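In my numbering, the protein residues as written are 928 to 1200. What follows is a set of notes on a single structure, which appears directly below.
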Amino acid sequence: MPDPLADFMEEIRTSRKYEALQLPGDLLRDLLTRELDAGFSLKEARKQARRKLHMIVAPYLGDPDYAQATRQLEGAFASGGPAALKEVCVQLLGTHASTRERLPYLEQFYAALFAVTGRPFSILDLACGLNPLAFPWMNLPLSTRYFAYDIHRPRVDLINQYFQLQGLEPLAEQRDVLAGPSSQYADVAFFFKEAHRLEQRQRGGNHALWQGVRARWLVVSLPSVSLGGHHNLLERQHRLMYGVLRGLPWPVTELVIGSEMVFCIEKSDETKT
Ligand SMILES: C[S@@+](CC[C@H](N)C(=O)[O-])C[C@H]1O[C@@H](n2cnc3c(N)ncnc32)[C@H](O)[C@@H]1O
């Protein structure tokens, strides 16, 4: 008997576009089964699932050469100084649009955020991209437990290599935060520049994710301008945020830092146990 799910997973995993990413099975399963459950034919469901996968992986946002990036980080640590490390991190953060846009105000970004949440002992970075490489600007001690999740295997491996070189625990994991949420607790959870995409993948997905996140503070950010810089998104992003938060009792502190809107949500009902 042909298994449409296994066929789809095999096709994606062996495709030239996605082969190196070793995407998690629960992500691919979730994408196809939701389209089939919505009543699409198998052909149309595969097409829709592929379309969503392109938007989720977003290869157009950019990537470093991962093998070279590892060597650059090793070189920076071997040469010793914090300035050399920051220089390499800036180069690598600049290869992906989300972190590139944050570069001009990196230090200010984390100072403003932690002024609201307090300095965390533990962090969950959901759909982290390359953001953990901004750790040198967070002014946090090496005892910080930094859990970082992304679906993209080479990105996750690079982050763990960086964490180890830096002297942090290698707590990055390949994980679909929607289809395979973690039960890990942290003082602060970051969910940066992904909520608007998640809503496109699955309407209502943010509501479920945010409720499930085990953190005292959930910090969600959204871009205030479109990728090309032509459209002001402030109103649209407010609508998205407060739509997701409707009926939830958590107080919100809003910040605007550079081209990023930051919503610090105090999930006061979350405890460590
Ligand atoms: C727009 S980038 C944002 C990166 C980072 N949060 C930042 O702002 O610098 C989205 C990242 O989320 C990852 N991603 C998308 N959907 C995900 C999911 N469901 N679970 C985990 N990672 C996801 C992508 O691989 C990509 O690295």
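The C-beta atom is built at its ideal place from N, Cα and C for all residues, glycine as well. Bear in mind that the values here come from a model prediction, so they are computed numbers and not experimental data.
| request: Provide the residue span of the alpha helix (DSSP H) that contains THR997, from first to last. | output: For THR997, the uninterrupted alpha helix (DSSP H) segment begins and ends at 993 to 1006.
| For ligand 1, is there a heavy atom less than 7 Å away from the beta-carbon of ASP1077? | Under cutoff, so the answer is yes.
| query | According to the Cβ coordinates, are VAL1115 and PRO1063 closer than 8 Å? | reply | no
| task | Give a yes or no on contact between the segment 1120 to 1137 and the segment 1069 to 1076, applying the rule of three or more CB pairs nearer than 8 Å. | result | no
| query | Do the CB positions of ALA996 and LEU1092 come within less than 8 Å of each other? | reply | no
| task | From the DSSP output, in three-state form, read off PRO1059 for me. | result | PRO1059 falls in the helix class under three-state DSSP.
| query | Measuring from the CB of ASP1084, is there a heavy atom of ligand 1 at a distance below 7 Å? | reply | no
| task | Given a cut-off of 8 Å, decide if LEU988 and ILE939 are closer than it, judged by their beta-carbon atoms. | result | no
| Is ILE983 near ligand 1, in the sense that its beta carbon is under 7 Å from a heavy atom of that ligand? | yes
| said: Less than 6 Å between C-beta atoms, sequence neighbours within five positions excluded: which residues of the same chain meet that for ASN1087? | reply: PRO1097, ALA1099
| message | Considering only the alpha carbon of each residue, which of GLY1056, ASN1066, GLY1131, GLY1174 lies closest to LEU1020? | response | Answer by Cα proximity: GLY1056.
| query | What residues match up with ARG1145 in a beta bridge as DSSP calls it? | reply | Looking at the sequence itself, residue 1145 is Leu, so the reference to Arg does not match. Its beta-bridge partners are ALA1116, ILE1192.
| said: Quick check: the Cα distance between GLU1181 and LEU1167, rounded to an integer number of angstroms? | reply: 14 Å
| query | For the alpha helix (DSSP H) that contains ASP957, what are its first and last residues? | reply | 952 to 964
| query | Smallest Cα separation from ARG1082: which of LEU950, PHE935, GLY1174? | reply | LEU950
| field | Helix, strand or coil at ASN1159 according to DSSP, with G and I counted as helix | value | strand
| message | With a threshold of 6 Å on Cβ separation, who are the neighbours of LEU948 within its own chain once the five nearest residues in sequence on each side are excluded? | response | Hits under 6 Å: HIS1079, ARG1080.
| query | When burial is assigned at 16 or more other CB atoms within 10 Å of the CB, is GLU946 buried or exposed? | reply | exposed
| Within 7 Å: the Cβ of ARG1130 and any heavy atom of ligand 1? | no
| DSSP state of LEU1051 mapped onto helix, strand, coil | Here LEU1051 sits in strand by DSSP.
| So, is THR1026 buried or exposed, given that buried needs 16 or more other C-beta atoms within 10 angstroms? | buried
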